[in-house]
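Q:
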Amino acid sequence: MSVTSHKSEAPAAIAIRPAVLADLDALVALEHAAFSGDRAERRAIRHAIRSASMSLLVALTEDDTGRPMLVGAATLERRRGSLNARLSSIAVSPARAGSGLGGLVLDAAEADAKQHGCSRLRLEVRGDNGAGIRLYERRGYVRFAVIPDYYEDGMEAWRYVKVL
Ligand SMILES: CC(C)(COP(=O)(O)OP(=O)(O)OC[C@H]1O[C@@H](n2cnc3c(N)ncnc32)[C@H](O)[C@@H]1OP(=O)(O)O)[C@@H](O)C(=O)NCCC(=O)NCCS
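Under the numbering used here, the first residue of the sequence shown carries the number 1, and numbering increases by one thereafter.
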C-alpha cells in the first residue's frame with residue numbers, strides 16, 4: 001500500500017506493509033525510541049511478525065540515500081470467533097511525530113482489522129498520553145473504561161473502541 005499524508009510536513013511518500021523478520025532490528029530500535037517504559041521485547045516482536053492471529057504493519061520511507069527506512073509500526077491482535085481486534089501498539093519515529101504519520105498508520109491498522117473480518121478495534125492508552133488520546137479521539141474512538149494501575153509505573157489506562 002502506498003499512501004501520501006494530507007499534512008505538508010509529512011514525508012512525501014510512505015509505504016505501509018506487513019513486517020518481515022528482516023525488519024526486526026529496526027522494530028526494536030523504534031520501540032526503544034518511541035516508548036520509555038512497557039516496551040515490547042525482541043522475542044515478542046518476532047512472535048507478532050510470525051503469528052497468524054496478529055498483524056504487525058510497518059511504515060517505510062526513504063532516507064537521503066534512497067534506502068528504505070522504518071518510521072512507524074502498529075501491532076494488532078485478533079481472537080478466533082471475536083469481531084473485536086485489539087491495537088496493542090502503535091508508534092512512529094520521534095523525528096516524524098506530529099506530522100500525520102500516526103494517522104496514516106492507524107488508517108492502515110483499521111483497514112487490516114476489517115480485512116480480517118473484525119468490525120471493532122479496541123485499544124488501551126496511558127491516561128497521560130496526549131498525542132495518542134488526541135489521535136484516537138480525532139478518528140472517532142470512544143472511551144468506554146478506565147483501568148487503574150495498568151502500566152509499569154502505576155499510570156491508569158484509558159480503553160477506547162471504534163466501530164469500523
Ligand atoms: C501516538 C503517536 C503514534 C501519534 O503519532 P503522530 O504521527 O504524532 O500522530 P499525528 O501527527 O497524527 O498527531 C496526532 C495528534 O496529536 C497531536 N499531538 C502531538 N503531540 C501531542 C502532545 N504531546 N500532546 C497533545 N497532542 C499532541 C497532534 O497535533 C495531532 O492532533 P491534530 O490531528 O489535531 O493535529 C506518536 O506520538 C507516538 O509514536 N508516540 C509514542 C508511542 C505511543 O505513545 N503510542 C501510543 C500508545 S501505544
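From the three backbone atoms N, C-alpha and C, an ideal C-beta is built for every residue, glycine too. Everything numeric in this text was worked out from a predicted model, so none of it was measured.
At 4 residues or longer, what runs of the alpha helix (DSSP H) sit wholly inside the segment 25-64?
A: If we require 4 residues or more, the alpha helix (DSSP H) runs fully inside the segment 25-64 come out as 42-50.
Q: Just how far apart, CA to CA, sit N84 and V28?
A: The alpha-carbon atoms of N84 and V28 are separated by roughly 27 angstroms.
Q: In the DSSP output, what is E124 paired with across the bridge?
A: Note: E124 sits in a beta bridge opposite R159.
Q: Leaving aside the five residues before and after D112 along the sequence, list all residues of the same chain whose C-beta is less than 7 angstroms from its C-beta, in chain order.
A: Excluding sequence neighbours, D112 sits near S55, L57, L76.
Q: Under a three-way DSSP split, which group does E152 fall into?
A: Residue state, collapsed to three classes: coil.
Q: Grouping DSSP H, G and I as helix and E and B as strand, with all else coil, what is A19?
A: A19: coil per DSSP, three-state reduction.
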